[in-house]
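Asker: Going down the list, the protein sequences come from chains A and B. 75 is the number that my numbering gives to position 75 of the first sequence; each next residue is one higher, with no gaps. 99 is the number that my numbering gives to position 99 of the second sequence; each next residue is one higher, with no gaps. Note that CB positions come from ideal geometry on N, CA and C, so glycine has one too. Sharing a structure with you now.
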Amino acid sequence: DTEVTQTPKHLVMGMTNKKSLKCEQHMGHRAMYWYKQKAKKPPELMFVYSYEKLSINESVPSRFSPECPNSSLLNLHLHALQPEDSALYLCASSQQTGADEKLFFGSGTQLSVL
Amino acid sequence: GESVGLHLPTLSVQEGDNSIINCAYSNSASDYFIWYKQESGKGPQFIIDIRSNMDKRQGQRVTVLLNKTVKHLSLQIAATQPGDSAVYFCAEIPNYGQNFVFGPGTRLSVLP
Numbered sequence: 001d002t003e004v005t006q007t008p009k010h011l012v013m014g015m016t017n018k019k020s021l022k023c024e025q026h027m028g029h030r031a032m033y034w035y036k037q038k039a040k041k042p043p044e045l046m047f048v049y050s051y052e053k054l055s056i057n058e059s060v061p062s063r064f065s066p067e068c069p070n071s072s073l074l075n076l077h078l079h080a081l082q083p084e085d086s087a088l089y090l091c092a093s094s095q096q097t098g099a100d101e102k103l104f105f106g107s108g109t110q111l112s113v114l
Numbered sequence: 001g002e003s004v005g006l007h008l009p010t011l012s013v014q015e016g017d018n019s020i021i022n023c024a025y026s027n028s029a030s031d032y033f034i035w036y037k038q039e040s041g042k043g044p045q046f047i048i049d050i051r052s053n054m055d056k057r058q059g060q061r062v063t064v065l066l067n068k069t070v071k072h073l074s075l076q077i078a079a080t081q082p083g084d085s086a087v088y089f090c091a092e093i094p095n096y097g098q099n100f101v102f103g104p105g106t107r108l109s110v111l112p
């Protein structure tokens with residue numbers, strides 16, 4: 001199994017809503033990532049979890065709250081988002097061996113904030 | 001030909017021709033590079049990687065060239081097919097770190 005699975009595929013939410021994005025991988029990878037991608041732009045790193053601990057937070061606003069319940073799961077909790085937060089949110093994982101760090105991406109959640 | 005402007009740079013090639021997609025990277029300390037392909041509605045998909053101690057690596061129909069002197073990376077696709085139409089991103093990774101930095105991307109359009 002070489003897949004990173006993200007749910008939901010599409011999400012529409014109001015600015016007062018609370019929602020969560022979910023990501024799962026069963027490749028035994030020990031690093032998991034959240035990226036944000038606007039249309040016609042490259043992915044931008046938001047958070048990295050390494051061995052279930054938050055290792056990188058790229059100055060992301062607190063209305064985005066990541067959570068790593070175990071080595072296979074990664075969540076992104078959303079609260080009080082702004083319309084400019086509308087984007088494709090990508091989850092990725094990597095082996096974390098130091099010798100082969102290619103990222104494996106999920107298909108993303110397309111988020112629209114109204 | 002290739003066009004760069006306010007929109008994503010686009011490279012248009014005839015089916016069957018070879019494609020060359022270029023990328024300039026910024027960090028001379030980067031020691032690992034990856035090319036990704038992203039189709040509409042999907043996440044980026046790994047194509048090929050190269051380490052800084054190499055200047056060329058070949059895969060199936062793809063070749064990556066690395067020129068560290070001018071900090072330039074290129075992806076060559078042989079006998080381009082309609083299924084190759086996508087946006088291609090290069091990514092650089094400094095010192096076995098986790099902060100992958102993606103280039104701006106190039107849209108490859110394959111003409112029949």
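Determine, for V48 (chain A), whether the minimum Cβ-Cβ distance to residues of chain B falls below 9 angstroms.
Answerer: Start at 1 with the first residue of the first sequence, and residue 48 (chain A) comes out as number 48. It does: the Cβ of V48 (chain A) has a partner Cβ on chain B nearer than 9 angstroms.
Asker: Can you tell which of A:K18, A:M13 and A:K53 has the C-alpha that lies nearest to the C-alpha of S71 (chain A)?
Answerer: Locating residue 71 (chain A) in the first sequence gives position 71, where the first residue counts as 1. Checked all of A:K18, A:M13 and A:K53; the closest Cα to S71 (chain A) is A:K53.
Asker: Using 9 angstroms as the limit for Cβ to Cβ distance, is S3 (chain B) near chain A?
Answerer: The residue you call residue 3 (chain B) lines up with position 3 of the second sequence. For S3 (chain B), the pLDDT reaches just 41, beneath the cut-off of 50, and the residue's location in the model is therefore unreliable, leaving the point undetermined.
Asker: For L73 (chain B), decide whether its Cβ has a neighbour in chain A, counting only Cβ atoms nearer than 9 angstroms.
Answerer: Residue numbering aside, residue 73 (chain B) sits at position 73 when the second sequence is read from its first letter. Answer no: the Cβ-Cβ gap between L73 (chain B) and chain A never drops below 9 angstroms.
Asker: If we ignore side chains and look at the alpha-carbon of each, how far apart do E15 (chain B) and G83 (chain B) end up?
Answerer: In the second sequence, residue 15 (chain B) corresponds to position 15, counting from 1. In the second sequence, residue 83 (chain B) corresponds to position 83, counting from 1. C-alpha separation (whole angstroms): 10 angstroms.
Asker: When you compare only the Cα positions, how much space is there between T109 (chain A) and I50 (chain B)?
Answerer: Position 109 of the first sequence holds residue 109 (chain A). Position 50 of the second sequence holds residue 50 (chain B). One C-alpha to the other measures close to 29 angstroms.
Asker: Use the C-beta contact count for D17 (chain B): other C-beta atoms within 10 angstroms, 16 or more gives buried, fewer gives exposed.
Answerer: Reading the second sequence from its first residue, position 17 is the one you call residue 17 (chain B). Exposed, by the Cβ-count rule.
Asker: Which term fits S26 (chain B), buried or exposed, when burial requires 16 or more other beta carbons within 10 angstroms of its beta carbon?
Answerer: In the second sequence, counting from the first residue as 1, residue 26 (chain B) sits at position 26. Flag for S26 (chain B) reads exposed.
Asker: Going along the chain, which residues of the stretch 41-60 of chain B sit with their C-beta nearer than 8 angstroms to a C-beta in chain A?
Answerer: From the stretch 41-60 of chain B, only G41, K42, G43, P44, Q45, F46 and D49 have a Cβ closer than 8 angstroms to chain A.
Asker: Whole beta strand (DSSP E) runs in the stretch 16-63 of chain A with 3 or more residues, listed along the chain?
Answerer: Counting only runs of 3 or more, we get 18-25, 31-37, 44-50 and 53-57.
Asker: Determine, using beta carbons only, whether N27 (chain B) comes closer than 9 angstroms to chain A.
Answerer: Start at 1 with the first residue of the second sequence, and residue 27 (chain B) comes out as number 27. It does not; no Cβ of chain A falls within 9 angstroms.
Asker: Could you work out which residues of chain A lie near L8 (chain B), taking near to mean beta carbons separated by less than 7 angstroms?
Answerer: On the second sequence, residue 8 (chain B) is found 8 positions in, with the first residue counted as 1. The answer, in chain order, is K40.
Asker: Tell me, please, which residues DSSP counts as bridged to E67 (chain A).
Answerer: What you label residue 67 (chain A) is simply residue 67 of the first sequence in a count that begins at 1. E67 (chain A) pairs with A:N75.
Asker: Please classify I34 (chain B) as buried or exposed, where buried requires at least 16 other C-beta atoms within 10 Å of its C-beta.
Answerer: Working through the second sequence from its first residue, we reach residue 34 (chain B) at position 34. Buried is the call here.
Asker: Three-state secondary structure (DSSP) at D49 (chain B)?
Answerer: Sequence index remark: in the second sequence, residue 49 (chain B) carries index 49 (1-based). Here D49 (chain B) sits in strand by DSSP.
Asker: Sort out for me which residues DSSP pairs Y32 (chain B) with in a bridge.
Answerer: In the second sequence, counting from the first residue as 1, residue 32 (chain B) sits at position 32. Partner(s): B:R51 and B:I93.
Asker: The beta strand (DSSP E) with N99 (chain B) in it runs from where to where?
Answerer: Counting from one through the second sequence, the residue named residue 99 (chain B) turns up at place 99. N99 (chain B) -> no beta strand (DSSP E), and no H or E assigned at all.
Asker: I'd like the span of the beta strand (DSSP E) that includes T5 (chain A), first residue to last.
Answerer: Translated into the one-based positions of the first sequence, residue 5 (chain A) becomes position 5. Note, T5 (chain A): beta strand (DSSP E), V4 to T7.
Asker: Just how far apart, CA to CA, sit L74 (chain A) and S28 (chain B)?
Answerer: Here residue 74 (chain A) is taken as the residue at index 74 of the first sequence, counted from 1. Here residue 28 (chain B) is taken as the residue at index 28 of the second sequence, counted from 1. Cα to Cα, the separation comes out at about 32 angstroms.
Asker: Apart from the five residues just before and just after I77 (chain B), which ones in its own chain have a Cβ nearer than 7 angstroms to its Cβ?
Answerer: Along the second sequence, read from residue 1 onward, the residue named residue 77 (chain B) stands at position 77. Contacts found: N18, S19, R61, V62 and D84.
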